[in-house]
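Chains Z and L, in that order, give the protein sequences.
Each residue of the first sequence is one higher than the last, beginning at 1 in the working numbering.
Each residue of the second sequence is one higher than the last, beginning at 378 in the working numbering.
Cβ atoms here follow ideal geometry from the backbone N, Cα and C, with glycine treated the same way.
Shown next, in structure tokens, is the structure this report addresses.
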Amino acid sequence: MDGSSDSADAPPTTATRAPAPAKEGAWALVELQRRLGVRWEKISRARDKTEEIVATLRAELRGLEDPNCSVIVTGSLGRGEADEGSDCDWFLLVDGPSDPQHARLAREIGTKIRSVVSKDVGPTGTFGEIVASHDLVHRIAGSDDTNKNLTRRMLLLAESRALSNDVVRERVIRNVLARYLYDRPVSNKRKPGRYDPIPYFLLNDVVRYWRTVASDYASKMWERTYHGWGIRNIKLRFSRKMLFVWGLLAAFSGRLFDDGALAEASSEDEFLLRLLELIRSQTDVPPLELLARAALAEGVRDETITQIFSNYDEFLGALADPDTRRHLETVPFDDGGTDSVYEGLRQPSWLFRSGINDLFFKEHPLLPELILKFVVF
Amino acid sequence: MRPVGFSTGALAKGDVRRGLELQRGFQPRVCAVELSALRAHELAPFQEIAGSLDLAGFDYVSVHAPSRLGSLSEQEVFERVESLPPQWPIVAHPEILRTPALWRRLGSRLCLENMDNRKTTGRNASEMRAMFREYPQATFCLDVGHARQIDPTMSVALHLLLEFGERLSQLHVSEVGPRGEHLPVGATARWAFERIAHRVPTGVPLVIESVVGEGDMERELEAVLGVLGGAGEPRASVV
């Protein structure tokens with residue numbers, strides 16, 4: 001991950017085709033189910049439920065718009081995996097001049113959101129706040145990049161949706177990506193006009209975030225004397241891992257999802273703008289759908305696809321069941337080895353991980369090489 | 378060097394003759410102009426004087442239609458702009474075009490402009506694509522200040538140019554503030570505009586919309602021409 005590779009470049013050309021944006025909708029998930037002759041009911045239901053809640057929230061927030069602000073949801077609503085018991089992780093993203101009225105705006109938004117989704121957003125203080133874009137854009141890595149800032153930045157990229165004013169969300173995401181991409185020259189010195197599409201800085205931060213999430217799990221266990229460990233553990237095995245999957249796939253967009261438009265850049269600067277937009281377009285694709293798009297590649301076995309998505313389907317089904325969710329939220333840590341509900345999800349999590357491993361390390365035509373070259377050493 | 382000039386409204390709000398007069402001292406370098414009827418109440422007086430304006434030395438002339446209908450009906454705005462000299466492109470904001478069948482009658486005289494963050498449409502490539510589907514003959518005015526306000530990286534501007542470059546008939550140039558105000562072009566805006574200058578076809582006129590006083594016109598011209606005036610080589614490196 002040191003930026004020393006100059007491979008993965010593309011031949012130069014003078015054409016001016018605009019890169020195609022990432023296709024909308026869950027088309028890859030639909031295609032996989034058609035191919036396998038299965039239906040992942042819980043995944044579909046969660047997507048439909050998410051759309052229903054998001055539409056209600058958007059309607060509720062009408063009249064509270066500000067051109068320099070966007071109400072952002074992350075978590076299950078951002079991933080398209082919500083159910084009746086989901087909370088609403090949200091923040092007011094401000095990208096413009098400060099205004100004392102933003103505090104009132106955030107309060108009124110909070111009241112409206114709680115009228116639709118009543119569940120508390122958790123004790124971390126990461127959500128339901130005013131977030132200025134400045135820290136997200138300018139404090140990337142270095143000693144001022146707090147755990148909270150890293151989390152917000154990564155969630156904004158990997159699992160966010162705007163309830164209002166998506167143009168602000170997109171603008172901040174583009175600025176964040178510009179910080180990641182414009183960190184080094186990408187021209188191939190030996191082959192003029194060819195450029196390296198691997199964003200090392202972003203890739204390193206994606207890996208850092210995943211390891212931070214895993215470490216924070218242990219930290220929270222310590223701080224909260226294992227309170228809520230069960231649900232947190234299961235989420236780490238599935239949905240938190242899915243964020244890492246999204247991050248890797250999005251960072252490799254230049255190799256995985258380019259339709260040839262990157263090669264038409266007329267300069268290094270334009271190449272980076274095209275790459276930026278290609279990665280940005282993945283921020284509109286939920287993690288599960290992006291994984292499905294990768295899984296459509298030639299060589300990925302049906303068994304692997306089933307292992308990944310059927311077990312994720314089971315995970316979503318478990319969370320959508322109020323009794324199971326409550327049980328996971330309250331199961332004592334000491335019962336972990338014997339609790340049937342927890343065990344009933346731990347085993348699918350192994351299968352899910354095994355499927356992800358097979359996809360990333362063995363079967364995909366590009367990912368094993370990319371992982372080997374850029375993700376570990 | 379691309380044709381360049383100012384919007385009359387940026388130099389003299391509501392006074393087209395004064396806006397033209399202020400530019401005379403910069404001819405022949407200034408050879409493009411946009412006649413502004415940006416506020417609805419300016420349209421009727423402008424229509425009355427349009428035929429008698431002294432436009433000598435201006436090789437490119439366009440008109441900016443009102444940005445809001447105000448007290449006028451859409452039909453009235455349309456009829457007034459349609460009656461203007463047919464060689465003048467009519468630059469219009471998407472939001473005033475409520476009856477597509479009406480405005481399609483302008484054919485390629487209709488010049489659609491991309492919008493800033495106060496608007497809910499016409500801000501990026503996908504929204505402009507929808508507009509051009511409605512108005513297939515329309516040309517395009519790229520407001521680089523609006524595009525930068527939507528996206529300071531200029532990725533949106535690049536994609537507007539890549540997708541609609543063949544329709545491009547003029548650029549609007551200014552720095553656009555967070556509340557949509559047209560300001561003189563500052564350093565960060567210049568650096569941003571530099572990134573897409575090479576994708577602006579030679580010969581496309583630059584219309585400066587920065588609100589500046591008479592004493593600041595020269596500086597603004599220099600700033601804009603310094604970044605967007607040439608044929609434009611791609612910026613080679615970013616770091």
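I need the DSSP call for His364 (chain Z), collapsed to helix, strand or coil.
coil
Under the three-state reduction of DSSP, which class applies to Gln547 (chain L): helix, strand or coil?
strand
So, is Gly603 (chain L) buried or exposed, given that buried needs 16 or more other C-beta atoms within 10 angstroms?
exposed
Cβ of Ala414 (chain L) within 8 Å of Cβ of Pro380 (chain L)?
no
Which residue or residues does DSSP assign as beta-bridge partners of Gly366 (chain L)?
Because chain L spans 378 through 616 in this model, residue 366 (chain L) falls outside it and cannot be assessed.
Contact check, Pro471 (chain L) vs Leu489 (chain L), beta carbons under 8 Å:
yes
Count the other C-beta atoms from every protein chain shown that fall within 10 angstroms of the C-beta of Asp493 (chain L), then say buried if there are 16 or more, exposed otherwise.
buried
Just tell me which of L:His418, L:Phe509, L:Gly557 has its CA closest to the CA of Val542 (chain L).
Sequence inspection shows Gly at residue 542 (chain L); the Val mentioned does not correspond to that position. Of the listed residues, the one whose Cα sits closest to Gly542 (chain L) is L:Phe509.
Return helix, strand or coil for Asp431 (chain L), following the three-state DSSP convention.
coil
So who's on the other strand from Arg237 (chain Z), going by DSSP bridges?
Looking at the DSSP assignment, Arg237 (chain Z) forms no beta bridge with any residue, so it has no partner.
Residues in the stretch 163-184 of chain Z with C-beta within 9 Å of chain L's C-beta atoms, listed in sequence order?
Asn165, Val167, Val168, Glu170, Arg171, Arg174, Asn175, Leu177, Ala178, Leu181, Tyr182, Asp183, Arg184
Using a Cβ cut-off of 7 Å, pull out every chain Z residue sitting near Met531 (chain L), in sequence order please.
Leu273
Check whether chain L comes within 8 Å of Glu159 (chain Z), counting only Cβ atoms and requiring the distance to be less than that.
no
Check whether the stretch 278-285 of chain Z and the stretch 164-175 of chain Z touch, using three or more Cβ-Cβ pairs below 8 Å as the test.
yes
At a Cβ threshold of 8 Å, is Gly96 (chain Z) touching chain L?
yes
Quick one: is Leu397 (chain L) near chain Z, going by C-beta distance under 8 Å?
no
Between the CA atoms of Leu290 (chain Z) and Pro368 (chain Z) - distance to the nearest angstrom
17 Å
Nearest neighbour of Leu548 (chain L), chosen from L:Gly563, L:Ser532, L:Gly554, L:Thr516 [CA to CA]
L:Thr516
What did DSSP end up calling Ala132 (chain Z) once you bin it into helix, strand or coil?
strand
Could you tell me the distance, in whole angstroms, from the CA atom of Leu475 (chain L) to the CA atom of Gly484 (chain L)?
It should be noted that the sequence gives Arg, not Leu, for residue 475 (chain L). In a straight line, the C-alpha of Arg475 (chain L) is about 16 Å away from that of Gly484 (chain L).
Chain Z beta carbons: is any one of them nearer than 8 Å to that of Asp528 (chain L)?
yes
Does Glu597 (chain L) pass the burial test, meaning 16 or more other C-beta atoms within 10 Å, or should it be called exposed?
buried
Report the rounded CA-to-CA distance for Ile573 (chain L) versus Ala564 (chain L), giving the unit in angstroms.
15 Å
With 16 other CB atoms within 10 Å as the buried threshold, where does Gln526 (chain L) fall?
buried
Segment contact flag, the stretch 58-67 of chain Z with the stretch 98-110 of chain Z, C-beta cutoff 8 Å, min 3 pairs:
yes
On the criterion of 16 or more Cβ atoms from any shown chain inside 10 Å, does Gly355 (chain Z) qualify as buried, or is it exposed?
buried
Using a Cβ-Cβ cutoff of less than 7 Å, which residues in the same chain neighbour Ala569 (chain L) once the five nearest sequence positions on both sides are dropped?
Arg525, Pro529, Met531
Between Lys112 (chain Z) and the rest of its own chain, which residues show a CB-CB distance below 6 Å, the 5 nearest in sequence each way excluded?
Glu60, Leu61
Nearest candidate by alpha-carbon position, reference Trp246 (chain Z), set Z:Tyr226, Z:Ala55, Z:Trp210, Z:Ile231
Z:Trp210
To the nearest angstrom, how far is the alpha carbon of Trp90 (chain Z) from that of Gly580 (chain L)?
48 Å
Which first and last residues belong to the alpha helix (DSSP H) in which Phe309 (chain Z) is found?
302-320
Using 8 Å for Cβ pairs, my map puts Leu288 (chain Z) next to Ile53 (chain Z). What's the rounded Cβ distance?
Rounded, the Cβ-Cβ distance is 17 Å, inconsistent with contact.
Output, in chain order, the set of chain Z residues within a Cβ distance shorter than 7 Å of Gly555 (chain L).
Correcting the residue identity first, residue 555 (chain L) is Pro in this sequence and not Gly. Here the neighbours are Asn68, Gly96, Pro97.
Which partner residues of Cys518 (chain L) appear in the DSSP bridge assignment?
L:Glu490, L:Gln547
Measure the C-alpha to C-alpha separation of Asn204 (chain Z) and Arg486 (chain L) and round it to an integer number of angstroms.
51 Å
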